[in-house]
């Protein structure tokens, strides 16, 4: 694990919490204060393994900035990507709720800053906060639909529709509330997330731009028509 910088001490202030965690806005003041004291931040280099499969990461995790890939390696040695997580996304609640090791690798696709909420704080919120539990129910429900859609497009769609759905999944307003309509991401990163080469991703992106659903810009992609992007190729 190539960790660039560790937090000097546990805890962040509430202004910082509101900046990195959209879900915290729903919490009463005392619960937000409790949440902020249980979080630290760390920064990782591109290519770092933040957490390896079958490792117990005793924290709930959020992406403050950057981009991570969630995936694994098949028994045949093939890299399998489940999804990407952009800034504003929080994940890993299932592993904490079930008290089990992570079933996937977390890899930084670029220099990435992560937030870690310790287990004790997470469990306190689960046991005491109605607002936090409402958020978790929405999050888990949205994530289930998200992964079902990913499974569908991975099995049934050709290259360009598959990339379209991959991009659209990164603009989910529940899972990634900070997304807006522009994503800073390279063609190489999109290829890694969608299971294709950079060259194939480049060709598919150009096709999507010709069809008027995205606009390619230096260092990123702007979504022009999210509804069409979500159903592209259907």
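Numbering (the UniProt record's numbering), first residue to last: 1 to 234. C-beta atoms are modelled at their ideal positions from N, C-alpha and C, and glycine is treated no differently. Note that the structure is predicted; figures quoted are calculated from it, not measured.
- Note that the C-beta distance between residue 220 and residue 185 is below 7 Å.
- Contact between the segment 158 to 166 and the segment 197 to 204 is present: 3 or more CB-CB pairs across the two stretches fall below 8 Å.
- Boundaries of the alpha helix (DSSP H) harbouring residue 188: 187 to 194, taken from the DSSP string.
- Residue range 79 to 86 is occupied by the beta strand (DSSP E) that includes residue 79.
- Taken in chain order, the complete alpha helix (DSSP H) segments of 4 or more residues contained in the UniProt domain "Cyclic nucleotide-binding" (27 to 143) are 29 to 37, 93 to 98 and 119 to 128.
- Residue pairing of residue 209 in beta bridges, as defined by DSSP: absent, with no partner found.
- Within 10 angstroms of the beta-carbon of residue 38 lie 16 or more other beta-carbons, which makes it buried.
- Exposure of residue 76 is indicated by the presence of fewer than 16 other C-beta atoms within 10 angstroms of its C-beta.
- In the DSSP assignment, residue 175 falls outside any alpha helix (DSSP H), carrying neither H nor E.
- Under DSSP, residue 214 takes part in a beta bridge, and its partners are 223.
- CA-CA distance, residue 90 to residue 212, rounds to 31 Å.
- Within the DSSP bridge table, the entry for residue 170 names no partner.
- For the pair residue 214 and residue 127, the Cα-to-Cα distance works out to about 43 Å.
- Residue 24 holds the alpha-carbon nearest to the alpha-carbon of residue 134 among 24, 84 and 85.
- The closest CA to that of residue 40, considering only 110, 178, 62 and 164, is found on 62.
- Between residue 36 and residue 70, the gap from beta carbon to beta carbon reaches 7 Å or more.
- Minimum Cα-Cα distance from residue 94 among the listed residues 208, 19 and 141 corresponds to 141.
- Relative to residue 188, the option among 116, 17, 197 and 114 whose CA is nearest is 197.
- Residue 22 sits away from residue 173, with the two beta carbons spaced by 7 Å or more.
- Across the set 57, 85 and 59, the C-alpha of 85 shows the shortest separation from the C-alpha of residue 65.
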